[in-house]
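Engineer:
In our numbering, the protein residues as written are 3 to 269.
1) Output the boundary residues of the beta strand (DSSP E) element that contains residue 166.
2) Using 8 Å as the Cβ pair cut-off and three pairs as the minimum, do the segment 148–161 and the segment 196–207 touch?
3) Under the three-state reduction of DSSP, which class applies to residue 137: helix, strand or coil?
4) Kindly give me the distance between the Cβ atoms of residue 44 and residue 51, rounded to whole angstroms, as I take these residues to be in contact under 8 Å.
5) Run through DSSP, which three-state label would residue 225 get?
6) Considering only the beta carbon of each residue, do residue 139 and residue 131 sit closer than 8 Å?
7) Quick check on residue 180: buried or exposed, where buried means 16 or more other Cβ atoms within 10 Å of its Cβ?
8) According to DSSP, simplified to helix, strand and coil, what is residue 64?
9) Does DSSP put residue 114 in a helix, a strand or coil?
10) Going by DSSP in three states, residue 123 sits in which element: helix, strand or coil?
11) Suppose contacts are defined by Cβ-Cβ distances below 8 Å. Is residue 215 in contact with residue 231 by that definition?
12) The beta strand (DSSP E) that contains residue 40, what's its start and end?
13) How would you write the range of the beta strand (DSSP E) that residue 92 sits in, first residue to last?
14) Near residue 90, which residues of its chain fall below 6 Å by C-beta distance, leaving aside the five closest residues on each side in sequence?
15) Between the C-alpha atoms of residue 169 and residue 146, what's the straight-line distance to the nearest angstrom?
16) Where do the N-terminal and C-terminal ends of the alpha helix (DSSP H) with residue 148 fall, by residue?
17) Provide the residue span of the alpha helix (DSSP H) that contains residue 70, from first to last.
18) For residue 219, which residues from the same chain have a beta carbon less than 6 Å from its beta carbon, with the 5 sequence-adjacent residues on both sides left out?
19) Taking its Cβ as the centre, do 16 or more other Cβ atoms sit within 10 Å of residue 75, making it buried, or is it exposed?
20) Using only the heavy atoms of the ligand ATP, determine whether one of them is closer than 7 Å to the beta carbon of residue 230.
21) From 66, 62 and 142, pick the residue whose C-alpha is nearest to that of residue 111; which is it?
22) Would you check if the distance between the CB atom of residue 144 and the CB atom of residue 211 is smaller than 8 Å?
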């Protein structure tokens, strides 16, 4: 384990030096306006989600922050409104670790909002434990909750077309694999006790995101709904409370995002 940690630390250090001295990553130059559009962003109270919501609000969209933590979400709403001047920024309660909460969110959204142009399934984490429904926390939040949310909102997306679904994945999917029997015979998918096991399960969940995106895109061919998955790059995020080593590079390189979000644009 010590050798693994040492190798990981050297890899992170090497990547940081490469990132800062060689790589010149492109930035979005789009000036598109989104007035009259409605977007839902899960996990939008911090990190990637908040920066995404900020940019959407700056472009004129009505933005729904779908979050579990009311205090953080309401603080993010006020910050985004103050920063952008867009008053159409709203918090709606969503706990992806509870399928009943997902259903309640969808029901409330469909009753209160007449359209949905953009669904960004962003929320994710690396943590042990189980969801309210008995699934592994990583699988339940990173994939299963978003899967159900998308299905429940799909008709509204179709009616509002052209619209899109964006699933925030990770390059970690390359380390992922699936045991499809596990989905039908067990409820412990994504459970793990060590940092390494949890990170592996995280990678499995990110592979689920991508496979779901591909299949959804195939089934929606000919409709006005397009589907995307993406690796967002390195960010400062609350992805994990227990696997800080796995995301050391996110917290270090991504600090620029938190300090100066205007530098970053939505891709």
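Glycine included, C-beta positions come from ideal geometry on N, C-alpha and C.
Structural biologist: Judging by the given coordinates:
1) Run containing residue 166: 165–170, per the beta strand (DSSP E) assignment.
2) Taking 8 Å as the limit for Cβ pairs, the verdict is that the segment 196–207 does not touch the segment 148–161.
3) Note: residue 137 maps to coil in three-state DSSP.
4) Yes, they are in contact, since the Cβ atoms of residue 44 and residue 51 sit about 7 Å apart, within 8 Å.
5) Secondary structure of residue 225 (DSSP, three-state): coil.
6) Yes. Within cutoff.
7) Its Cβ having fewer than 16 others within 10 Å, residue 180 is exposed.
8) Residue state, collapsed to three classes: strand.
9) In the three-state scheme derived from DSSP, where H, G and I count as helix and E and B as strand, residue 114 is classed as helix.
10) In this structure, residue 123 counts as strand in the three-state DSSP scheme.
11) The Cβ-Cβ distance between residue 215 and residue 231 falls below 8 Å.
12) Note, residue 40: beta strand (DSSP E), 40–44.
13) For residue 92, the uninterrupted beta strand (DSSP E) run begins and ends at 91–95, by DSSP.
14) Taking C-beta separations shorter than 6 Å and ignoring five residues to either side along the sequence, the partners of residue 90 in its chain run 64, following chain order.
15) Linking residue 169 to residue 146 through their CA atoms gives a straight-line distance of about 12 Å.
16) It spans 147–161 - the alpha helix (DSSP H) in which residue 148 sits, taken as one unbroken run.
17) Where residue 70 is concerned, there is no enclosing alpha helix (DSSP H), given that its DSSP letter is neither H nor E.
18) Excluding five sequence positions before and after residue 219, the CB atoms of its chain that fall closer than 6 Å to its own CB belong to 229, given in chain order.
19) Taking a 10 Å sphere around the C-beta of residue 75, we find 16 or more other C-beta atoms and assign the residue as buried.
20) This structure does not include the ligand ATP; it has no bound ligands of any sort.
21) Looking only at 66, 62 and 142, the smallest Cα-Cα distance to residue 111 is reached by 66.
22) Contact: yes.
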